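Residues in the sequence shown are numbered consecutively from 10, following this note's numbering.
C-beta atoms are modelled at their ideal positions from N, C-alpha and C, and glycine is treated no differently.
Computed from a predicted structure; not experimentally measured.
Worksheet: one structure, shown below.
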Amino acid sequence: FGSRVCHSPHSPMAMLRTTLRALRAVRPAAPALSAVGVRRFSTAASKLAAAMQTELQHEKEQYEQPKIVKEFLDKSDWEFMHVEGHVNMSVEKTTEAGLKIQVQWQLTFPTDMETEQAAEEPEESTEFAVTVTKPSGDTMIFYCTTHRRETHRFLIGNITCGKGPDELQQQTTYMGPEFDDLQDDLQQGFDEFLKELGITNPLLDFIDATAVDKEQQEYMRWLEGVKDFVS
10 FGSRVCHSPH SPMAMLRTTL RALRAVRPAA PALSAVGVRR FSTAASKLAA AMQTELQHEK
70 EQYEQPKIVK EFLDKSDWEF MHVEGHVNMS VEKTTEAGLK IQVQWQLTFP TDMETEQAAE
130 EPEESTEFAV TVTKPSGDTM IFYCTTHRRE THRFLIGNIT CGKGPDELQQ QTTYMGPEFD
190 DLQDDLQQGF DEFLKELGIT NPLLDFIDAT AVDKEQQEYM RWLEGVKDFV S
């Protein structure tokens with residue numbers, strides 16, 4: 010927040026304001042909007058709308074939803090949830106033991122090709138969170154990242170546990186130790202636990218695919234919205 014500066018009635022700024030008010034009081038009323046202004050705005054808007062339409066048409070012609078998205082949803086027992094215009098996505102299911110499992114992630118922006126080519130081992134990854142809730146309300150959240158390795162498809166960063174998601178997502182909540190600092194047998198146990206809950210390669214491939222696909226869909230929706238606004 011900026012502080013207001015009080016000017017003396019005899020300061021240059023105050024005198025300038027007084028002069029401007031006087032000039033405005035005596036000048037004739039101007040039209041609400043000049044014809045030149047309308048033409049300039051319409052010309053600029055028309056050019057922008059045409060450029061947006063060209064870009065939109067190009068994106069639509071190039072767009073193709075990854076096959077893995079439909080294939081996964083047709084075969085999976087996960088329920089996919091997303092909202093147009095929002096960056097968040099999730100899948101949910103409930104196990105026979107009554108555990109509610111929710112996996113959440115967001116769209117990712119396209120990789121800079123020059124940066125990707127300059128990198129020795131470029132890897133695309135998506136951050137995601139796995140929330141496991143018991144019927145009692147007790148909750149455990151795993152903060153993870155997809156990992157493109159044949160032997161290990163995801164990495165766990167932190168694990169937190171408590172009485173419900175709202176409590177665990179507070180900024181002051183203890184996030185647990187760094188996963189890499191745990192003993193090897195504990196790390197292996199958590200990995201196997203997540204895999205038994207359904208955090209397997211097909212789901213991880215789906216997460217990576219939809220993170221990119223969602224961004225492309227939202228970009229085309231954005232182009233459409235801007236084009237309609239300036240048309």
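Express the C-alpha separation of ARG162 and PRO174 in angstroms, rounding to a whole number.
25 Å
Quick one, are the C-beta atoms of ALA220 and THR135 less than 7 Å apart?
In this structure, ALA220 places its C-beta atom within 7 Å of the C-beta atom of THR135.
Going by the beta-carbon positions, is the gap between ASP296 and GLN113 smaller than 7 Å?
With the chain running from 10 to 240 in the structure shown, residue 296 is simply not present.
When you compare only the Cα positions, how much space is there between LYS236 and HIS91?
24 Å
Would PHE137 pass as a contact of ILE216 if the rule is Cβ separation under 7 Å?
By the CB criterion at 7 Å, PHE137 and ILE216 fall inside the cutoff.
If you drop the 5 nearest sequence neighbours on each side, which residues of the same chain put their C-beta closer than 8 Å to that of ILE165?
PHE151, TYR152, CYS153, PHE188, GLN196, PHE199, ASP200 and LEU203
Please work out which residues of its chain come closer than 6 Å, Cβ to Cβ, to ARG36, disregarding the five sequence neighbours upstream and downstream, and give them in chain order.
Low confidence applies to ARG36: its pLDDT is 43, below 50, so where it sits in the model is not reliable enough to give any reading.
Considering just the uninterrupted stretch of the alpha helix (DSSP H) at ILE77, what are its terminal residues?
ILE77 -> alpha helix (DSSP H) spans 76-84.
Within the same chain, show all residues whose beta-carbon is closer than 6 Å to that of LYS109, passing over the 5 residues directly before and after it, in chain order.
THR103 and THR142
Rank SER240, ASN97, LEU177 and GLN192 by C-alpha distance to the C-alpha of GLY146 and give the top, closest one.
LEU177
Out of MET149, LEU213 and THR169, which one is the CA nearest neighbour of ARG157?
The shortest C-alpha separation from ARG157 is found at LEU213.
Taking DSSP as the reference, what is the three-state secondary structure of GLY234?
helix
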